[in-house]
Amino acid sequence: MHIMEGFLPVGHAVAWTAVSAPVVAYGSWRLIRTVRQNPELKLLLAASGAYVFILSALKIPSVTGSCSHPTGTGLAASLFGPWIAAVLGTIVLLFQALLLAHGGLTTLGANVFSMAIVGPIVAWSLFRGLRGAGVAGAVAIFFAAALGDLATYVVTSFQLAAAFPDPVSGFWGASAKFLSVFALTQIPLAISEGLLTAIVYNLLQRY
Amino acid sequence: MDRLDPAAGPAREASGARPSPDASGAGLSPGGGACVLEARGLGFAYPEAGEVLRGVDLSLHAGERLVLAGANGSGKTTLLLLLAGLLTPREGTLLCDGQPRGRSRRAVRAWHSRVGLVFQDPDDQLFAPTVFEDVSFGPLNQGCDAALTRQRVDRALAALGIADLAERPPHSLSFGQKKRVSIAGVLAMEPGVLLLDEPTAGLDPEACEDLLETLAALAASGTAVVVATHTMDEAWAWADRIALFGGQRIVACGPPEAIFRDLSLLETLHLREPLLFGVARRLADAGLLPPGHPLPRTQAALFSLLSQGT
Amino acid sequence: MDRLDPAAGPAREASGARPSPDASGAGLSPGGGACVLEARGLGFAYPEAGEVLRGVDLSLHAGERLVLAGANGSGKTTLLLLLAGLLTPREGTLLCDGQPRGRSRRAVRAWHSRVGLVFQDPDDQLFAPTVFEDVSFGPLNQGCDAALTRQRVDRALAALGIADLAERPPHSLSFGQKKRVSIAGVLAMEPGVLLLDEPTAGLDPEACEDLLETLAALAASGTAVVVATHTMDEAWAWADRIALFGGQRIVACGPPEAIFRDLSLLETLHLREPLLFGVARRLADAGLLPPGHPLPRTQAALFSLLSQGT
Amino acid sequence: MRQLDSVAWTGRWKRRPAAEKLCLCLGVMTVSLAVAGPGGQVLIFALMALLTVGLAGVPFWTWLRALLLPAGFLVLGVLTLFVSVGWAEGEAGGGVTLALVPPTDREAAVFVGLRSAACVSALVFLALTTPLPALMTLLRRLGVPRDVADVALLMFRFLWLLFHCLETGRRSQTARLGYASRSRWLRSSALLAAGLLPRALDRGTRMDAGLRARGYDGSLATLSSEERPSLLRLGGIAGGVLVLGGVTAWIG
Chain A
982 MHIMEGFLPV GHAVAWTAVS APVVAYGSWR LIRTVRQNPE LKLLLAASGA YVFILSALKI
1042 PSVTGSCSHP TGTGLAASLF GPWIAAVLGT IVLLFQALLL AHGGLTTLGA NVFSMAIVGP
1102 IVAWSLFRGL RGAGVAGAVA IFFAAALGDL ATYVVTSFQL AAAFPDPVSG FWGASAKFLS
1162 VFALTQIPLA ISEGLLTAIV YNLLQRY
Chain B
16 MDRLDPAAGP AREASGARPS PDASGAGLSP GGGACVLEAR GLGFAYPEAG EVLRGVDLSL
76 HAGERLVLAG ANGSGKTTLL LLLAGLLTPR EGTLLCDGQP RGRSRRAVRA WHSRVGLVFQ
136 DPDDQLFAPT VFEDVSFGPL NQGCDAALTR QRVDRALAAL GIADLAERPP HSLSFGQKKR
196 VSIAGVLAME PGVLLLDEPT AGLDPEACED LLETLAALAA SGTAVVVATH TMDEAWAWAD
256 RIALFGGQRI VACGPPEAIF RDLSLLETLH LREPLLFGVA RRLADAGLLP PGHPLPRTQA
316 ALFSLLSQGT
Chain C
16 MDRLDPAAGP AREASGARPS PDASGAGLSP GGGACVLEAR GLGFAYPEAG EVLRGVDLSL
76 HAGERLVLAG ANGSGKTTLL LLLAGLLTPR EGTLLCDGQP RGRSRRAVRA WHSRVGLVFQ
136 DPDDQLFAPT VFEDVSFGPL NQGCDAALTR QRVDRALAAL GIADLAERPP HSLSFGQKKR
196 VSIAGVLAME PGVLLLDEPT AGLDPEACED LLETLAALAA SGTAVVVATH TMDEAWAWAD
256 RIALFGGQRI VACGPPEAIF RDLSLLETLH LREPLLFGVA RRLADAGLLP PGHPLPRTQA
316 ALFSLLSQGT
Chain D
208 MRQLDSVAWT GRWKRRPAAE KLCLCLGVMT VSLAVAGPGG QVLIFALMAL LTVGLAGVPF
268 WTWLRALLLP AGFLVLGVLT LFVSVGWAEG EAGGGVTLAL VPPTDREAAV FVGLRSAACV
328 SALVFLALTT PLPALMTLLR RLGVPRDVAD VALLMFRFLW LLFHCLETGR RSQTARLGYA
388 SRSRWLRSSA LLAAGLLPRA LDRGTRMDAG LRARGYDGSL ATLSSEERPS LLRLGGIAGG
448 VLVLGGVTAW IG
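For the protein sequence lines, the chains are A, B, C and D, in the order given. The first sequence maps to residues 982 to 1188 in the numbering used here. The second sequence maps to residues 16 to 325 in the numbering used here. The third sequence maps to residues 16 to 325 in the numbering used here. The fourth sequence maps to residues 208 to 459 in the numbering used here.
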């Protein structure tokens, strides 16, 4: 769920950029260290990043009938860890803004925080936790992908609520408002994405 | 040339071919098979690339072997995608078994069951973890039950001579094997029309010959087989009928001998006279082949005629 | 056959080819160019696929046009990767300009500067956002400064006739255009040896001819050009010398006419006699071509001889 | 995606230095976010539309289509801001109450919509006049680490290769009725997504070999043929943005 260009007031745009920047910078540092040790990883990282972008062009059906875009960053997190995934996710979001006019430059920081940082970290740590607790791979990946998606959606709603608190009920009222407006599309989507990722996981095990 | 498409006007005149009153219509083909697929005045344009096809007429009969011949970028692939119902024509009509193409879900499904398309690159088509699963993809989507699907898959694999590959993962196969698997995947849906985009591209000479033989056997069993290619020698060796592509249209359509006699037209389209045809024609003209024989379609046939004639 | 590799023993006997005392050695070629690249007893095995090459000897001379002919999977691509220094042979030695291949970074870089490889799929080599930038990659890696790089890029683009594509992104190009760009990218490094893996695969007849002409011009200017292909007609039309691949080895190596006269050997290797060669040979045997001429290498040459002979 | 990209590559302003276009785009966005009132936002939107369609020669329908996707989010977002949620506390039968927000808040919501539209028009200007790699090259010049910029540039290349793979793969599945029902849809999508990953990694490995043949050892240096930005024009753009700031502050 992308926040559009210009939708956030200038203070919020700057603040979210400041929050995301250190994470992306740290991820970049790790990425640089990795490719310096192993130049061919540069090509593999780029190919995986492109894969993450392309997954977002894969339309999946949700129960309500609307189609949308799975993020795929969870998968990148499982391949390269959440830090490098955050960098790849940032590049993907920049590409989406400039190739599809989806998202934006001033809202890049906010979108990176929800989609390239929180989502993948939730998905990645859930997957590791569930696997550690002995849950089957496909089940773990279902919850990781679905809840990673939901985490993104919750964070986006909070970001919007922080920028536009409700005149009556303040931040929490606005959060409830944004959560429920986008719930219709996002919850079925999260389930679809969880199912899809679980099937993909099973198929990849067999390749 | 016994068939010439009405829309081919300007290029036809430029090439010096004689116009023919016989427009490509429905009904029975010279060979006697029923008309299974027909295009009338088909036009198409991509948003970025502009117009790629204009006024294409084509009819296809059961059991026929048709070659779409043309240079790269002449629109062959686009026509195949249109015939397979994967693109919607901007103008013109498409008929399958005499019925126009509907837009309902049911009609689209029926069309895809009837007209199968094999893509040029088998990697674009093979996604399942094993050959068996990949070939079963189509029949299962058609709603076949497990037993019928298994039967169809086995039959398709046998028809292509790859029954032994059933349990292999596609990515472990050679290019030629992948090609056969991708054809089996379409064949298992038992289409009435089989369209193939450059099926012999990337195959070595022996694999080419084997594949063309398999396709000929399919046509003999009643399937209409359409092959798009830029290899003229292949067209001459294999086709019942050839549709020549150029300038976004079918410029000429007819039996191979008539098509390849028009040298100036071939040149305009950046195509070559098939070698075997050219040699045979010149030898026949010089009286070196025994008279009364059709021009030979294979090297072996030419050589045997040559030994009779001299 | 004036060259036969000593390691080809068993298959050579099986095929009935006469052994020749002349082992492929260093020194001057029949054509007079200096020996630029030489392989002696090259062997290679992939960890998954096992042995793919064994005892390969090959020498290559400046300005020579060599065709590596063989069925798919016969090891042509592996040999090219070895010659280009991208794989390390398990056994045998490789010499470039008489110097063995070193392992230092500097030596590897020098090798890549001297021996260029064009991959079959141009998408494996095009990475930059525009054609100009892509072609500039090689010269910059060689340590050229901006001015020299610019000059080399312009020259390479001009040699392939694609100067007008300089500012285009690769994803907007046709397959044939990409192919030319990938060749230009290697050519800009001004290698002494240019290796091409199936350069005409996927091109239509006209594009094929144009490309082979371009490659012939390159060879005429002194580059040794090696083309791997399974199209025998192309080998016949273009090669100075042909190395026949089969059973993980080079089974025979020599001038095209000698190679293609050995029909039983071709059959063993699942290859075909080139159509033009076969026709011309039989016509000449039947006395239908004027005597004293070498067998024609092009369709046009055959037809003109035919009109003289009859 | 293909259409927006091809307009950027073939447009009249393609050869203008990316730095100048980025400067203009960010400058206008800054004015829109920090200075302009409702009238100013309308002015900015009109100016950017004029610049994109009129001067840079982007086809009108392409421009409109690029605006369509953000428009959906904007309408939904602004409508959400029109509604206020309240909790009735402690009373029986209480619960959530919905109400229209007061007029001043409605005006504020409309203003957010206008501001967003103005910024989107600046983004679309950049997207439709500048090939994406030119911006990546610029970012590298501005200090983004070389390896990160390399990965981004390679991603741009791979993305078209994979996009082609996705498109034809989906077509071939459609031809075999892979999307005929909802359950088959999910299965087909998963097959496609799973199949693309090994293909993507394979592409990466093969590209590595292809580049090593040309002397690749970790650095992807290329010679850019783009013109250097002129300081004069950059100054002109900065001046223009300042004037725009002044005008929008004045009209409110």
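Using N, Cα and C, we set each Cβ at its ideal position, and we do this for glycine too. Note that the structure is predicted; figures quoted are calculated from it, not measured.
- Of the residues assessed, Arg-378/D falls on the buried side of the cut-off, its CB having 16 or more other CB atoms within 10 angstroms.
- Residues of the segment 418-429 of chain D that bring their beta carbon within less than 9 Å of a beta carbon in chain C comprise Leu-418, Arg-419, Ala-420, Arg-421, Gly-422, Tyr-423, Asp-424, Ser-426, Leu-427, Ala-428 and Thr-429, in sequence order.
- Judged by beta-carbon spacing, Leu-101/C lies within the 8 Å limit of Arg-419/D, meaning their Cβ atoms are closer than that value.
- Secondary structure note for Cys-111/B: its beta strand (DSSP E) is the uninterrupted segment 106-111.
- One finds Ala-382 and Arg-383 in chain D with Cβ atoms closer than 8 Å to the Cβ of Val-201/B, taken in chain order.
- Exposed is the label assigned to Thr-217/D, since fewer than 16 other Cβ atoms lie within 10 Å of its Cβ.
- Here Asp-149/B is actually not in contact with Val-201/B; their C-beta atoms are around 11 Å apart, not less than 8 Å.
- Using a Cβ-Cβ distance cut-off of 8 Å, the segment 70-83 of chain C and the segment 258-268 of chain C are in contact, since at least three pairs of beta carbons, one from each stretch, lie closer than that value.
- Per DSSP, the continuous alpha helix (DSSP H) segment holding Trp-253/C begins and ends at 247-253.
- With the criterion set as a beta carbon lying under 9 Å from some beta carbon of chain C, the segment 251-263 of chain D has no members that meet it.
- Under the three-state reduction of DSSP, Arg-69/C is assigned to strand.
- In chain order, Pro-144, Pro-184 and His-186 make up the part of chain B whose C-beta sits under 8 Å from the C-beta of Tyr-1188/A.
- Contact of Phe-318/B with chain C by beta-carbon distance below 7 Å involves Arg-297.
- Within chain A, the C-beta atoms nearer than 8 Å to that of Val-290/D come from Lys-1158, in chain order.
- Taking 8 Å as the cut-off, the Cβ atoms of Ala-301/C and Pro-311/C do not count as close.
- For the segment 405-418 of chain D, the set of residues with a beta-carbon nearer than 7 Å to any beta-carbon of chain C comprises Arg-413, Met-414, Ala-416, Gly-417 and Leu-418, in chain order.
- Scanning chain C for C-beta atoms nearer than 7 Å to the C-beta of Leu-321/B yields Arg-297 and Ala-301, reported in chain order.
- Contact between the segment 125-135 of chain B and the segment 375-391 of chain D is established, with three or more Cβ pairs separated by less than 8 Å.
- At least one C-beta of chain B is nearer than 8 Å to the C-beta of Cys-372/D.
- By the Cβ test, the segment 355-375 of chain D is not in contact with the segment 106-114 of chain B, since fewer than three Cβ pairs between them sit closer than 8 Å.
- Residues of the segment 117-128 of chain B with a Cβ closer than 9 Å to any Cβ of chain D, in chain order: Arg-120, Val-123, Arg-124, His-127 and Ser-128.
- Secondary structure note for Cys-50/B: it is in no alpha helix (DSSP H), and the uninterrupted beta strand (DSSP E) holding it is 50-61.
- Contact with chain C is absent for His-308/B, since none of that chain's Cβ atoms lies less than 8 Å from the residue's Cβ.
- DSSP links Leu-307/D through a beta bridge to Val-290/D.
- Against chain B, the beta carbon of Leu-1184/A has neighbours under 7 Å at Pro-144, listed in chain order.
- Under the DSSP assignment, Asp-277/B falls outside any alpha helix (DSSP H); it carries neither an H nor an E label.
- Tyr-1032/A belongs to the set of residues whose beta carbon lies under 8 Å from a beta carbon in chain D.
- Using a 10 angstroms sphere on the CB of Trp-268/D, the tally of other CB atoms stays under 16, which defines it as exposed.
- By the rule that beta-carbons nearer than 8 Å mark a contact, Thr-1087/A touches chain D.
- Residue range 264-269 is occupied by the beta strand (DSSP E) that includes Ile-265/B, with no alpha helix (DSSP H) assigned at that position.
- A Cβ-Cβ contact shorter than 8 Å links Cys-230/D with Leu-441/D.
- Contact annotation: His-76/B and Gly-48/B have beta-carbon atoms nearer than 8 Å.
- Taking Ala-256/D as the centre and dropping the five residues before and after it, the same chain places the C-beta of Ser-328 closer than 7 Å to its C-beta, in chain order.
- Within the same chain, and ignoring the five residues on either side of Asp-1130/A in sequence, the residues whose Cβ sits closer than 6 Å to its Cβ are Ala-1171 and Glu-1174.
- About 7 Å separates the beta carbon of Ala-400/D from that of Leu-1177/A, a gap short enough to meet the 8 Å contact definition.
- Chain order gives the chain A residues near Leu-211/D as Leu-1080, Leu-1081 and Ala-1082, where near means a beta carbon separation below 8 Å.
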